[in-house]
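So the protein sequences, as listed, match chains S and B. This note's numbering puts the first sequence at residues 272 to 646. This note's numbering puts the second sequence at residues 4 to 532.
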Amino acid sequence: MSAEDQSAPGEPVGTEHDVVVYGRGAAIEQRDAFENPGLPPHRPRQTDLHPHKERRAERQVVGWFLASMLGSVLAIVAYFAVPIVPGDMGSVRANNLFLGLAIALALLGIGFGGMHWARQLMSSHEVVEERHLSRGSVPSRERAVEIFRLGDEESGFSRRSLIRNTLIGAIALVPLPAIVLFRDLAPVQNPDVALAHTMWEPGMRLALDPSGTPIKAADVTIGSAFHVIPEELASVGHEEGYLDQKALAAVLLVRLKPEDIKEAPGREGWSYDGIVAYSKICTHVGCPVALYEQQTHHLLCPCHQSTFDVTEHAKVIFGPAKRPLPQLPITVDDEGFLVAQRDFTEPVGPSYFERLHYVDPEHVPVSAAETETRA
Amino acid sequence: MTATATRPSLTSKASNYLDERTSISTMVAALGRKVFPDHWSFMLGEVILYSFVAILLSGTFLTFFFEPSMVPVHYDGSYVPLKGMEMSAAYASTINLSFDIRGGLLMRQLHHWSALLFIAAIGLHMLRVFFTGAFRKPREVNWVVGFILFILAMAEGFTGYSLPDDLLSGNGLAIINGMVKGIPLVGEWVSWLLFGGLFPGNDIVPRLFVLHIMLLPALVIALIGVHLVLMVINKHTQFAGPGKTNDNVVGAPIMPLFAAKAGSFFFIVFGVLVAIASTFTILPVWEYGPYDPSPVSAGTQPDWYIGFADGALRLAPGLESEIFGLTFSWNILLPMAVLGLFIVVVMIYPFLEAWITGDKREHHIAERPRNNPTRTAIGAAGVWFYAIMWAAASSDLIATHFHLNVFQVTWALQAMITIGTVIVYWLTKRIAIGLQKKDREILLHGYESGNIRRLPGGEYIEVHEPLDEYSSWKLKAFDSYEPVMVRPNAQGRITPATHLRAALTRWFFEDRIAPVTRGELEASKHDHH
């Protein structure tokens with residue numbers, strides 16, 4: 272029960288704190304409340320009562336520390352004795368396992384040993400310390416106010432208001448150059464044009480992703496779906512923006528029975544013999560809409576489950592996307608290869624504020640009435 | 004031997020040398036025997052600190068091998084399936100440090116596992132502080148500091164997740180890109196500047212790298228410092244218990260017991276993390292391949308701590324408006340607004356509650372959650388709200404694992420996040436009040452001893468035994484509040500704020516259960532049935 276009374280050092284248990292009484296608000300002042308019974312009697316541990324248990328705990332602590340030493344040595348041994356053999360994944364796993372377990376032993380040995388020492392052998396008597404209000408003492412608060420008053424008086428911060436206000440103005444302006452400096456994080460051109468167009472041009476062949484092999488209309492069987500890129504993309508190097516262009520131009524190609532397709536008025540010529548091509552970039556936040564359900568003709572975005580119906584101009588039938596996937600008008604060239612009639616007539620991918628400014632005048636919108644029948 | 008006894012020892016000479024140059028004895032005198040209270044839940048904060056040390060150490064190792072560059076290279080390492088493939092230097096160096104550097108995979112997995120534990124422990128620590136009211140005066144400021152650390156930790160997690168430039172991380176960035184673009188007016192430009200042009204560009208990995216290893220860690224370290232200094236100034240809270248009051252701290256002194264326990268616990272946390280890293284694979288980026296905007300696999304989802312944001316996107320309705328030729332993507336803005344509101348409410352909650360109670364006193368006794376039923380119910384509703392958003396991030400996996408329709412799963416989750424949150428609030432409040440009533444019952448009539456007696460008349464009763472004064476103390480000692488009356492202020496006016504506060508105190512405290520008084524206990528002794 273020996274509670275070692277520790278008053279906070281450097282701060283006498285003064286009376287000035289006790290003067291401060293804060294309002295209790297909605298709290299009820301409890302009359303007739305119970306009295307705190309004080310600390311319960313200290314309960315000795317087994318190691319306090321029995322010297323042989325104390326000695327055993329001591330041996331256990333030493334044992335853990337020795338185990339830690341062993342772990343450190345084993346880790347070094349494992350580093351050399353279990354090397355990585357190029358091409359052999361088993362050796363990587365073995366290196367990872369043995370090295371890791373040995374290091375874990377080295378660390379846990381110290382941890383368990385130290386914890387055992389603290390819990391079984393160090394003094395377990397509880398210590399009581401007084402609390403004080405978090406606010407500074409009355410003299411230091413008064414001194415702080417005095418210092419600010421002196422600072423103001425000696426500098427004239429309040430008195431010389433013109434100096435003060437121009438200083439505030441100067442400090443307010445000085446970060447602006449720093450902000451402007453960040454303009455060149457991106458190329459000088461505006462994003463609008465770059466975002467609004469893709470690589471697709473009239474007559475550009477549709478090719479397989481990623482090989483770049485052009486696709487013959489005759490090779491697209493009913494029910495099949497192809498992941499498509501522009502043929503010219505395959506020759507664009509990675510440093511020349513291959514991924515950037517692919518992120519805009521990726522297309523999904525599907526062949527349906529011509530009678531299954533409900534074409535929007537004005538888009539009649541955009542498909543070829545039941546073959547339709549839609550942007551693969553989701554109109555929600557831009558994931559690739561890569562999952563095609565052959566039976567239902569649904570395209571599903573694996574990120575947020577927006578679902579598009581390919582038979583009806585890729586209108587949204589479920590999920591957080593709002594707009595249909597943009598359609599790529601296609602046809603065939605003289606050799607029977609599928610080609611684009613032109614670029615998309617609207618920006619692909621997620622919506623953005625000024626998106627409508629870049630919708631082509633020739634764009635055939637899918638009327639709102641047709642998208643209303645959502646699940 | 005006698006000569007050495009009179010001469011100062013090496014330790015004392017070294018201490019003297021140091022103190023004469025640093026005055027370190029002042030600090031030791033002030034803090035050396037500072038008392039820390041003991042409770043298992045106080046360990047959560049320690050887990051955060053120690054896993055952060057593991058993150059720093061393993062992360063430093065990784066920077067020696069990782070190349071934060073999107074320059075295309077042809078992979079030529081020892082992992083056969085990727086041989087010859089074109090990929091960014093970032094992805095190639097991630098594979099190389101995993102498969103061609105001894106201990107590299109261990110350090111990568113340690114880094115990721117430590118990061119997960121770091122964020123998980125932050126979440127649990129925040130819940131502990133919230134549900135015990137440990138954010139009350141004087142700790143409101145430290146709650147805000149800790150809250151900012153929580154946001155920074157998620158930012159660290161996301162930037163780190165994006166660095167390997169694999170298929171999954173690139174997909175995460177694609178989603179961020181889409182969300183950023185949905186911000187009215189500036190979205191397109193923010194995306195353009197962030198990615199250095201078109202998405203994905205060649206700049207994002209080095210940019211995130213600088214954030215991940217310099218800017219964000221510097222902020223985290225600085226704020227952890229502030230958080231700990233404030234904890235020392237405010238002193239740690241303690242749970243109600245015999246001998247523990249609002250004016251004292253009962254526990255272990257730093258030297259030696261607390262230091263020994265905390266130091267050992269650091270090694271235990273670190274050791275457990277290394278053991279996990281050596282036995283459980285995490286984020287096998289080599290299986291996903293380098294980033295390509297075209298393919299994506301089913302079941303794609305972010306690291307779990309970002310899940311709530313992804314889930315919010317999934318649950319949002321598909322709404323967009325086109326007004327004056329400008330597009331407003333409500334399917335993005337709405338979930339962002341809900342998330343923003345949610346986290347702002349979490350951040351300012353201490354100030355809201357302080358205003359409602361009007362209680363200006365310092366509180367150092369951690370409350371038992373049942374003794375503040377309304378706050379506990381608000382917290383439980385918040386946890387539920389978060390958990391449903393989190394579950395929604397796996398709606399497709401839930402559907403495939405349980406053979407359900409993914410549309411129906413989404414609808415069910417939409418119902419659960421709206422109606423369910425209200426039900427959880429109500430249920431938690433009833434449970435808390437029920438537990439308070441049980442406490443009263445035990446105090447007034449004793450606990451069920453399990454001892455059955457037969458009375459002379461043939462009746463059987465179970466004997467109830469009173470608690471001793473030590474174990475009963477925590478059932479008796481808690482703060483109690485009551486609704487405030489609407490009273491005119493000094494100008495004789497009743498302001499709308501007064502009405503609002505009165506209404507809020509009614510909401511908070513109307514059905515409160517008051518602590519047992521001595522008089523009640525005395526009375527109960529006389530009416531034994």
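Glycine is no exception: its CB is placed at the ideal position from the N, C-alpha and C atoms. From a predicted model like this one, the values you see are computed outputs, not experimental measurements.
Query, Result
"C-beta contact flag for Ala-177/B and Phe-202/B at 8 Å", "yes"
"Near-chain B residues of the stretch 565-579 of chain S (beta-carbon distance less than 9 Å), N- to C-terminal order", "Leu-571, Cys-572, Pro-573, Cys-574, His-575, Gln-576, Ser-577, Thr-578"
"Local Cβ density within 10 Å of Ala-646/S, reported as buried at 16 or more and exposed below that", "Unreliable placement is indicated for Ala-646/S, whose pLDDT of 39 sits below 50; the coordinate value is still reported in the next sentence. Exposed, since its Cβ has fewer than 16 Cβ neighbours within 10 Å."
"Cutoff 8 Å: Asp-480/S Cβ touching any chain B Cβ", "yes"
"Chain S contact residues for Arg-105/B, given Cβ-Cβ distances below 8 Å", "Tyr-350, Pro-354, Ile-355, Asn-366, Leu-370"
"Close-in-space but distant-in-sequence residues of the same chain around Tyr-484/B (CB under 8 Å, 5 per side omitted)", "Thr-360, Asp-362, Thr-508, Phe-511, Phe-512, Arg-515"
"Which of helix, strand or coil DSSP assigns to Thr-421/B", "helix"
"Chain-ordered residues of the stretch 394-425 of chain B with a beta carbon less than 8 Å from chain S", "Ser-398, Asp-399, Val-409, Phe-410, Thr-413"
"Nearest-angstrom beta carbon gap, Thr-554/S and Arg-594/S [assumed within contact, 8 Å]", "4 Å"
"Three-state secondary structure (DSSP) of Ser-18/B", "helix"
"Identity of the residue in Glu-413/S, Ala-377/S, Leu-310/S nearest Val-348/S by Cα", "Ala-377/S"
"Interface partners of Pro-245/B on chain S, CB under 9 Å", "Asn-307, Pro-308, Gly-309, Leu-310, Pro-311"
"Proximity of Thr-616/S and Val-637/S at Cβ, strictly below 8 Å", "no"
"Alpha-carbon to alpha-carbon, Gly-190/B and Asp-651/S", "Nothing about residue 651/S can be reported from this structure: the residues present for chain S run from 272 to 646 only."
"Residue range of the unbroken alpha helix (DSSP H) whose run includes Phe-261/B", "Element bounds for Phe-261/B: n/a, residue is neither H nor E."
"Where Met-419/B falls, given that 16 or more other Cβ within 10 Å makes a residue buried", "buried"
"Coil, strand or helix - Met-90/B by DSSP", "strand"
"Contacts of Ser-405/S in chain B (Cβ-Cβ under 7 Å)", "Pro-141, Ile-236, Asn-237, Glu-365"
"Beta-carbon gap between His-498/S and Pro-75/B smaller than 8 Å", "no"
"Contact under 8 Å by Cβ, Met-110/B with Ala-92/B", "no"
"Interface positions of the stretch 70-102 of chain B facing chain S (Cβ-Cβ less than 7 Å), listed along the chain", "Pro-75, Ser-81, Val-83, Glu-89, Phe-102"
"Cβ-heavy atom distance, His-529/B to the ligand GTP, below 7 Å", "Although the ligand GTP was asked about, the structure shown includes no ligands whatsoever."
"Own chain partners of Ile-285/B with C-beta closer than 7 Å, once the 5 adjacent residues on each side are dropped", "Gln-112, His-115, Trp-116"
"Where Glu-323/B meets chain S, residues with beta-carbon distance less than 8 Å", "Lys-593, Arg-594, Ser-622"
"Val-76/B, DSSP secondary structure in three states", "strand"
"Terminal residues of the alpha helix (DSSP H) in which Thr-602/S lies", "Looking at the DSSP string, Thr-602/S is not in any alpha helix (DSSP H); the run it does join, the beta strand (DSSP E), is 601-603."
"Outcome for Gly-382/B when other beta-carbon atoms lying within 10 angstroms are tallied against a minimum of 16", "buried"
"Cross-chain neighbours of Trp-388/S in chain B, by beta carbon under 9 Å", "Ala-263, Ser-267"
"Interface partners of Glu-625/S on chain B, CB under 7 Å", "Glu-191, Leu-329"
"Buried or exposed by the 16-neighbour rule on C-beta atoms within 10 Å, applied to Gly-294/S", "exposed"
"Chain S contact residues for Trp-476/B, given Cβ-Cβ distances below 8 Å", "Phe-305, Asn-307, Pro-308"
"C-alpha distance - Gln-277/S paired with Glu-400/S, whole-angstrom precision", "Bear in mind that the predicted position of Gln-277/S carries a pLDDT of just 39, short of 50, making it too unreliable to give a figure here."
"DSSP-derived helix/strand/coil call for Pro-167/B", "coil"
"Reduced DSSP category for Pro-353/B - H, G, I as helix; E, B as strand; rest coil", "helix"
"Expected contact under 8 Å - CB spacing of Leu-524/S and Ala-496/S to nearest Å", "7 Å"
"Spatial distance of Ile-588/S from Gly-310/B (CA atoms)", "24 Å"
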